[in-house]
Structures are given as structure tokens and as C-alpha cells.
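Since the structure comes first, as C-alpha cells, the remarks are kept for the end.
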Amino acid sequence: MGSKGKITRRRALLAGTGTLGFGGAVAYLASRSGSSAGEYVPETSHPSDGTTGFGVELAGRPIAGQADAPVDVYYWTDYLCPFCKRFETETLPKVGRNYVDAGDVRLVALAFPVIGEYSTPAAVWGRCVWETVAADEPAAFWRWHGAAFDAQERNGNDWATAETFRGITERTAGVSLDAVEECRQSRGDAVRESITVDAELARSVPFRGTPGFVIYNRESDAAGKITGAQPYENFADAIDRVLDA
Amino acid sequence: MTDTRHRGWLRDLRDGLAYPLTSNRRLLLAGVATAVTYAVLVLSSFPQFAVQTLTRDPAQLAYAVSALTREVYLGTGWLGIALVAAYALLTGVAVTNAVAVARRARRGGASTLAGVLPGLLAAGCASCGAGVLGTLGFLGAMAALPFEGNLLRIGGILLLAYFVGRTGDPRTCSIDPTR
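As given, the protein sequences belong to chains A and B, one line each in that order.
FYI, in the working numbering the residues of the first sequence are 5 to 249.
FYI, in the working numbering the residues of the second sequence are 133 to 311.
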């Protein structure tokens with residue numbers, strides 16, 4: 005009891021070790037990039053138009069999976085969003101293989117540019133890539149989409165420039181840089197308008213960040229919402245419940 | 133005169149920071165308060181995600197904290213994440229000291245409100261700071277703030293440090309030598 009009220013060497017050592025351990029744990033979690041389940045390129049993709057029962061306009065939006073899949077997953081994303089990259093690398097490949105390629109889910113990629121100045125231009129690049137490849141080689145879009153997330157750098161958004169996206173487009177097999185540039189020049193305003201429509205719908209859900217997901221059963225009209233890059237089990241659970249609804 | 137006052141404040145800050153080392157229970161309280169504050173600060177950087185993940189399965193707390201630690205780092209860099217950790221540590225100390233001040237006040241040891249106020253303000257500042265950072269901190273919004281919100285974090289840390297220094301060692305009543 006002699007140590008009561010005094011700063012002992014043992015407590016000082018404990019506090020020092022605890023502080024160092026706390027700092028070390030934070031640094032470890034910050035620098036850990038997480039496990040990658042590999043890049044996902046869906047077995048089938050298709051363009052579509054019209055508006056779904058949930059109010060999502062499909063024209064010009066990249067769609068993975070079969071047209072008659074019973075459940076839609078609307079995926080709002082931003083190419084500058086690191087949390088979306090986590091979903092792309094850790095969860096999307098498993099969701100894709102187990103639900104999209106299995107014919108249960110149709111994944112619709114929607115834009116919600118919120119992170120940085122180049123978020124909207126990056127979304128325009130994506131839409132234009134889809135527009136130029138959707139009819140003949142839709143898989144090329146998903147390769148481009150994966151490469152765009154791969155290009156994210158550790159900190160900040162300085163990496164996101166026209167030059168970076170030009171380079172990604174040039175390097176992606178099956179995508180013509182000239183055709184994409186032509187789309188950006190001649191159809192840029194219309195594409196930006198469609199991106200605004202997506203963003204407004206995201207805000208009305210409401211989502212306050214990216215990624216955001218709505219899982220929607222087209223037959224029963226049942227819907228569920230997932231916010232952020234949650235673990236695969238949460239997605240599987242939510243999709244199963246909406247499938248059965 | 134000002135120099136003396138600064139030296140006095142620095143001495144009080146040192147005493148205040150060292151106070152949790154004066155008993156095992158205080159050290160434990162500071163550690164728990166630090167861990168809880170860190171979790172709250174990091175989780176409040178994307179409240180929608182945190183609430184949905186934790187209400188579905190509270191066991192996913194570790195996943196949520198780890199995922200959002202990475203996001204805070206990617207959004208604000210090493211400085212940003214270091215400031216969040218420092219804020220949590222300082223809050224741990226401030227809460228421990230505030231508990232001591234509040235106990236002393238309850239026992240009637242503090243005769244004036246001024247004696248208790250700094251400790252309470254320190255605790256209030258800690259919880260308010262977490263709330264402010266959280267409200268402003270959802271993904272994307274921090275980018276709009278100066279230096280990705282780091283200025284706000286530095287402000288919170290300085291405010292906490294001021295109040296911890298103002299209270300000093302909660303067991304003693306300091307006399308301002310300038311008066």
C-alpha cells in the first residue's frame with residue numbers, strides 16, 4: 005500500500021508500454037492493406053435501359069450478371085474512395101462468384117462522386133468506357149474498373165488526374181482511348197447529368213458516404229441497405245434475406 | 133509575469149498528465165477511457181457504417197475499428213491518425229482527472245465552482261470534441277476542411293491540453309503566483 009498516490013516505476017513502465025502498444029496497434033491497423041480476394045470480372049454483363057422498381061435508371065450504367073437475375077444490387081461508388089477499394093478487393097470477388105455469376109444477382113454500378121475534385125470526372129471516364137464497350141466487350145469495362153481502383157495511391161487524391169485515367173484507359177485491353185475521349189468530349193454533359201441522377205438517388209436513400217448498396221428483389225419489391233465496405237458475411241446474409249423475401 | 137504563468141501552466145500540465153500514474157485504478161481508467169475514445173472517434177468517421185455493422189453483430193467491433201482506422205489514415209495521412217491517437221490519449225487523462233475533481237467536489241473539498249470547472253470542462257471538451265469530429269468526420273466531408281480536418285483535431289488537442297494544465301494534479305489546489 006506504500007505505492008498508493010505515488011508514481012511508481014512499475015506504473016510508469018506499464019503506462020509507457022501501454023502507450024507504445026496503443027500507438028503501434030494504430031500504426032499497424034493504418035498500414036495494413038487487408039486481404040485481396042483477387043480481381044473480379046463478371047462472366048456476363050449487359051447494357052439495359054428503363055427504370056427499375058426502386059427508381060434506378062439503367063441506361064448507360066454498367067450492369068454485371070444476367071438480365072433475369074431475381075435480385076438487383078445497386079452499388080454507389082467513387083473511384084477516389086479507399087473504402088470502395090476495400091469492397092472491390094475483399095468482398096466483390098466473393099459476391100460476384102457466389103451470387104452474380106450464379107445467376108441470383110444483377111449488380112448495377114452507380115456513381116456517387118463525393119470524395120474529391122476529380123470524383124465526377126473519374127465517374128465520367130467510367131461511364132464513357134462502359135458506353136464504348138457495353139455492346140461488344142462488356143468485360144473490358146470491369147477490367148478498366150478494377151485497374152482504376154488499383155491506381156489509388158496511399159494518401160490523398162493527387163493521383164486522380166486526366167493523365168492517370170488516360171493511362172489506365174490506354175492500357176486496358178479491349179478499350180479504345182480515342183472512342184472514350186470522343187465520348188467525354190461529345191457526350192460529357194449528358195453523362196454528368198446521369199451521374200447527378202445517381203447521386204441524388206443515393207442521397208435520398210439516404211447514403212452519407214461511399215460505398216453504398218441497396219439490395220432489391222425485383223419481384224417482391226423487398227429491399228435492404230448496406231452502408232460501407234462490410235464483411236462478406238453481411239452481404240451474403242442480406243442478399244439471402246432479400247432473395248427469400 | 134507571463135513567463136512565470138507559462139512555466140506554472142507547463143508544470144501543472146506535467147502534473148495533470150502524470151496523475152493517472154498515481155494509482156492502478158486511475159491508470160486502468162485512463163487506459164479504458166483512451167481505448168473507448170479512440171473507438172468512438174474512429175467509428176464516428178463513418179457513423180452509418182459503424183451503426184449498421186455493430187447493430188448487426190457487436191462482435192464486428194474489431195473489424196469496424198480496424199477498417200475505419202485504415203480509412204482515416206488513407207484520408208488524412210500519418211499526421212491525421214497520429215492526432216486522433218493523441219486526442220484519445222489526452223482524453224483518457226482528462227477523464228481520469230475530471231473524475232478525481234468531481235469526487236473532490238462531492239466531498240465538499242472544493243469551495244468554489246472555479247475549482248471544479250476546469251476538470252468538468254476537460255471532460256466536456258473530450259466528449260464534445262468526439263462529437264464534433266464525428267459529425268464533421270464522415271467520409272468525404274473531412275476533405276473539405278482545412279488540412280483534411282487536421283486543423284480541427286489540433287484545435288481539440290490544444291483545448292484538452294489547456295484544460296488538463298488548468299486543472300493540474302487534481303489532488304492539489306494550486307495558487308496562481310501572478311495574483
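Just so you know, even glycine gets a beta-carbon here, dropped at the ideal spot from N, CA and C.
Between the CA atoms of D144(B) and L290(B) - distance to the nearest angstrom: 15 Å
Just to confirm before moving on: does the CB-CB distance between P125(A) and A166(A) stay below 9 Å? yes
Segment limits, beta strand (DSSP E) that includes Y79(A): V75 to T81
Mapping DSSP to helix, strand and coil, what is K229(A)? strand
Measuring straight from C-alpha to C-alpha, what distance separates N282(B) and T201(B)? 15 Å
Please report the distance separating the alpha-carbon of T244(B) from that of A237(B). Its pLDDT being 48, under 50, T244(B) is placed unreliably by the model, and the measurement read from it follows with that caveat. If you take the alpha carbons of T244(B) and A237(B), they lie about 9 Å apart.
Within this structure, are the beta carbons of T21(A) and L221(B) separated by less than 9 Å? no
Assign V75(A) to one of two classes, buried (16 or more other C-beta atoms within 10 Å of its C-beta) or exposed (fewer than that). buried
Given 8 Å, three or more beta-carbon pairs between the stretch 120-138 of chain A and the stretch 147-162 of chain B: no
Beta-bridge pairing of G216(A) - partner residues as DSSP gives them: W80(A) and T231(A)
Along chain A, in chain order, which residues have C-beta atoms closer than 8 Å to that of T201(B)? V30, L33 and A34
Can you have a look at L142(B) and say buried or exposed, based on whether 16 or more other CB atoms are within 10 angstroms of its CB? exposed
Are the Cβ atoms of L33(A) and V168(B) separated by less than 9 Å? no
Using a Cβ-Cβ cutoff of less than 8 Å, which residues in the same chain neighbour V128(A) once the five nearest sequence positions on both sides are dropped? R188, G192, V195, R196 and I199
Looking at the ligand NAP, does it come within less than 8 Å of E92(A), judged from the CB to the closest heavy atom? Although the ligand NAP was asked about, the structure shown includes no ligands whatsoever.
Can you check DSSP and say which residues form a bridge with I289(B)? DSSP lists no partner for I289(B).
Taking A150(B) as the query, report the chain A residues whose CB atoms sit under 7 Å from its CB, ordered along the chain. I11
Candidates G140(B), R157(B), W210(B) and D189(B): closest to R15(A) by CA position: R157(B)
Residue nearest to P215(A) in terms of C-alpha spacing, selected from G54(A), C85(A) and A73(A): C85(A)
For A218(B), which of helix, strand or coil comes out of DSSP? helix
Would you give the residue range spanned by the alpha helix (DSSP H) that V60(A) belongs to? That residue, V60(A), is in no alpha helix (DSSP H); it is neither H nor E in DSSP.
Would a check of beta-carbon distances place A249(A) closer than 9 Å to chain B? no
Pick out whichever of T208(B), G288(B) and I286(B) has its Cα sitting closest to the Cα of S35(A). T208(B)
Residues bridged to T55(A) (per DSSP): E61(A)
Three-state secondary structure assigned by DSSP to V112(A): strand
Have a look at G107(A) and V45(A) and give me their C-alpha separation to the nearest angstrom. 15 Å
Under 9 Å Cβ-Cβ, which residues of chain A neighbour R143(B)? Here the premise fails: no neighbours, minimum Cβ distance about 15 Å.
Considering only the alpha carbon of each residue, which of D162(A), R147(A), D248(A) and W163(A) lies closest to E174(A)? R147(A)
Nearest-angstrom Cβ-Cβ length linking N161(A) and I119(A), presumed shorter than 8 Å: 7 Å
Assign P210(A) to one of two classes, buried (16 or more other C-beta atoms within 10 Å of its C-beta) or exposed (fewer than that). exposed
I230(A) CB to nearest chain B CB: under 9 Å? yes
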